[in-house]
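Shown next, in structure tokens, is the structure this report addresses.
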Amino acid sequence: MNVIVLQVFVSLMLVVGSVLLYAFSVRHRDYEHSDRLSLIPLEDDTARPAPSSESKPQP
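Written out as structure tokens, the structure reads:
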């Protein structure tokens, strides 16, 4: 019977610890950092390429 009480106590401590770490992560906005890093390479794609001198002028 003592093992069940110990197991319940350890399980509750793990749950409380994970909830606290999740709240800490949300409060410090750690989840947004990976989104911002994944979008950085897309910033250069919006620039238009310079017109090449080989293209024919439009009348």
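Note that my numbering has the sequence shown beginning at 63, numbered continuously upward.
Even for Gly, the Cβ is constructed at its ideal location relative to N, Cα and C.
Here D97 carries a helix assignment [DSSP, helix/strand/coil].
In this structure, the CA atom of F71 is about 24 Å from the CA atom of S87.
Put simply, the backbone Cα of V78 is about 23 Å away from that of M63. Spanning the alpha carbons of Q69 and R91 requires a straight line of approximately 33 Å.
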